[in-house]
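Down below is the structure, laid out as C-alpha cells.
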Amino acid sequence: MTRQDTLDVNTATADQLDAVPGLRGHGFEIVRYREERGRFTDLRQLDEVPGLSGKCDDSRASWTVGNG
242 MTRQDTLDVN
252 TATADQLDAV
262 PGLRGHGFEI
272 VRYREERGRF
282 TDLRQLDEVP
292 GLSGKCDDSR
302 ASWTVGNG
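FYI, in this note's numbering the residues of the sequence shown are 242 to 309.
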C-alpha cells in the first residue's frame, strides 16, 4: 500500500470517512471528536470515538494520522 492509498483521519471529511469500510457511519463522530479534542496522534485513539471502539481494528492499515 502506498502513501496515496491511505486516508488521514485528521484531515478527512465526514463523508470521506464514511466511505471507508470499518469507519462507515462514524464519520460525523470522528470529525466531532477531532474538533473537540484536537488532532489524533495515534490510530488507537479511534477507540475513544463513541460507538467505534474495537470495530475498526482490521482495516487500520489504510489510515494515517498524518505527521503534522
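Ideal Cβ positions, reconstructed from N, Cα and C, are used throughout, including at glycine.
Pairwise C-alpha distance: PHE269 and GLU277: In the sequence shown, the residue the question calls residue 277 occupies position 36. In the sequence shown, the residue the question calls residue 269 occupies position 28. For GLU277 and PHE269, the distance between alpha carbons rounds to 12 Å.
One or two residues paired with THR254 in a DSSP bridge: The residue given as residue 254 occupies position 13 in the sequence shown. Paired residue(s): none; THR254 is not in a bridge.
Neighbourhood of SER294 by C-beta distance below 6 Å, restricted to the same chain and skipping five residues each side: Position 53 of the sequence shown, counting from 1, holds the residue named residue 294. Only ASP288 meet the Cβ criterion.
Beta-carbon gap between THR247 and TRP304 smaller than 8 Å: Here residue 247 is taken as the residue at index 6 of the sequence shown, counted from 1. Here residue 304 is taken as the residue at index 63 of the sequence shown, counted from 1. Yes.
Cβ-Cβ separation, THR282 to VAL306 (assumed contact under 8 Å), whole Å: To locate residue 306, count along the sequence shown from 1; it is residue 65. To locate residue 282, count along the sequence shown from 1; it is residue 41. Confirmed, Cβ separation roughly 6 Å.
Rounded straight-line distance, which links the Cα of ARG285 to that of LEU264: What you label residue 264 is simply residue 23 of the sequence shown in a count that begins at 1. What you label residue 285 is simply residue 44 of the sequence shown in a count that begins at 1. Each residue's alpha carbon lies about 13 Å from the other.
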